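Student:
Residue numbers (this note's numbering): 1377 to 1540.
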C-alpha cells in the first residue's frame, strides 16, 4: 500500500486504476504456478479516482484507510453503516492509547510464546534424532562385541580341545 504511490502508478493511462495485481514471472520462460501473488494499492490514486464513490466492501476499507477528516469518516459511516463500530473503536484508541499498546504487547507475547514452543519442538526433534543415532551406534557395538565374544568362546573351546 502506498499513501504516496510511485510515478509508475500515476501515468495518464492509469489515472483511475488504484489496484494493481501481479504474479511472479521468470526470465527463462518457465511457467510455474507459485502461491505468491502481489497487490499494489495506490491509496492516493484511489482518493482521486472516480470509482472511489462506488459502494462496495473494498471501497469501504480503502475509504477508511484514506480518511483524513471527521467529514470523511461521517461520509464513510453514511455509505457503510457497518463501519461505525470500527470507527468508534479507532477513535477510542486515540483517547486510550494504552489499549493499543496492550494489544500490541499481547500479540508480541503470543509471538514470543510461539517462537519458544517452536524452538523447544526443534530441540526435542534434534534430541530424539541424536538418541536414535546413539542407540543405533550402541546396537552396532553390542553386535560386534557379541560376535567377538562368540569368537573368543570358540577359540577357547578349540584351545581346550588341543590341551586334552
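Here a beta-carbon is modelled for each residue, glycine too, at the ideal position from N, C-alpha and C.
Here the structure is a predicted model, which is why all the values come from computation and not from measurement.
What alpha helix (DSSP H) runs, 4 residues minimum, are completely inside the segment 1407-1432?
Tutor: Whole alpha helix (DSSP H) segments, 4+ residues: 1419-1424.
Student: How far does the beta strand (DSSP E) with residue 1399 in it reach, from first residue to last?
Tutor: Position 23 of the chain shown, counted from the start, is the residue given in the question as residue 1399. Residues 1395-1399.
Student: Identify the residues that DSSP records as bridge partners of residue 1378: which are they?
Tutor: By 1-based counting over the chain shown, the position of residue 1378 is 2. In DSSP, residue 1378 forms a bridge with 1418.
Student: Taking C-alpha atoms, which residue in 1409, 1456, 1516 and 1421 lies nearest to residue 1388?
Tutor: By one-based count along the chain shown, residue 1388 stands at place 12. Considering only alpha carbons, the answer is 1421.
Student: Please confirm if the segment 1429-1436 is in contact with the segment 1451-1463, defined as three or more CB-CB distances below 8 Å between the two stretches.
Tutor: The segment 1429-1436 is in contact with the segment 1451-1463.
Student: Which first and last residues belong to the alpha helix (DSSP H) in which residue 1443 is found?
Tutor: Your numbering for residue 1443 matches position 67 in the chain shown. Here residue 1443 belongs to no alpha helix (DSSP H), and DSSP marks it neither H nor E.
Student: Is the beta carbon of residue 1419 less than 8 Å from the beta carbon of residue 1379?
Tutor: Residue mapping note: residue 1419 aligns to position 43 of the chain shown, counting from 1. Residue mapping note: residue 1379 aligns to position 3 of the chain shown, counting from 1. Yes; because the gap between Cβ atoms is below 8 Å, this pair is in contact.
Student: Among the residues of its own chain, which have a CB less than 6 Å from the CB of residue 1416, if the five just before and after it don't count?
Tutor: The residue you call residue 1416 lines up with position 40 of the chain shown. Counting only Cβ-Cβ distances below 6 Å, and skipping sequence neighbours, we find 1396.
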